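Only one structure is covered here, and it is reproduced in the block below.
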Amino acid sequence: MSKVKSTPKLVKEGKLSYEWAKSHMPILNNTIDRLKKSKPLKGVTIGFCLHITKETSVLLMGAKELGATVACCGGNPLTTQDNIAAFLASQSIHVYAWHGQSVKDYDWCIQQVLNHKPNILTDDGADMNVKAHFDKKYKDLPIIGATEETTAGVTRIRAVENQGKLRYPVILVNEAYT
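Here the numbering used here runs 26 ahead of the position in the sequence shown, where the first position is 1.
And the structure:
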């Protein structure tokens, strides 16, 4: 069950923002359209810890269209767009995010995503990856891999690796060749 700030007005505003962002992402849309019939992510649970924005909503909805079970939390307590969170929750995406969370709430939201037992993590800042590695209740999660987006997160992932505790591969997006 999601935990977001939600009203019909927020859902409507979120849907409009999602549709606008989607209309400006032709490459992602074409990729999803090409693959969605085969549902390549069917049976896969993806945990996202990202800024909940209109752009992120296109990625999350795309993962759902490709068959994934999607659970997400905000990558920062202050950056969640409540209208987007409300819209995503209305679309059967598990959302644990609202603008202005306390540090305690932020941590709780990350735990809720990990409680979905994700196979893949997509993280911004490595908070979810670090919790998956060091909180004993998550040591047996079926995680096969992850991504990390930020320079600070890359530093944290490298520290986990240097301790010999990295349990699954993490793609360091900032260091990927494009």
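All C-beta atoms in this analysis are idealised placements derived from N, C-alpha and C, irrespective of residue type, glycine included. Treat the numbers as computed from the prediction; the structure is a model and nothing was measured.
In this structure the stretch 30-40 lies against the stretch 109-116, because at least three pairs of beta carbons, one per stretch, are closer than 8 Å. By the Cβ criterion, the stretch 121-133 is not in contact with the stretch 168-188, since fewer than three pairs of Cβ atoms, one from each stretch, lie closer than 8 Å. K29 sits in a strand when the DSSP states are folded into three classes.
The alpha-carbon of L114 is positioned some 34 Å away from that of K191. Taking 7 Å as the cut-off, the Cβ atoms of A94 and V70 count as close.
For the beta strand (DSSP E) assignment, the uninterrupted runs of no fewer than 3 residues enclosed by the stretch 108-136 are, from N- to C-terminal side, 120-122. In the DSSP assignment, A172 falls within the beta strand (DSSP E) that extends over G171 to E174.
By the beta-carbon neighbour count (other beta carbons within 10 angstroms, threshold 16), D149 is buried. Excluding sequence positions up to five before and after K65, its CB lies within less than 7 Å of the CB of L92 and G93, all in the same chain and listed in chain order. Between the beta-carbon of E174 and that of N155 there is about 6 Å, and that keeps the pair under the 8 Å contact cut.
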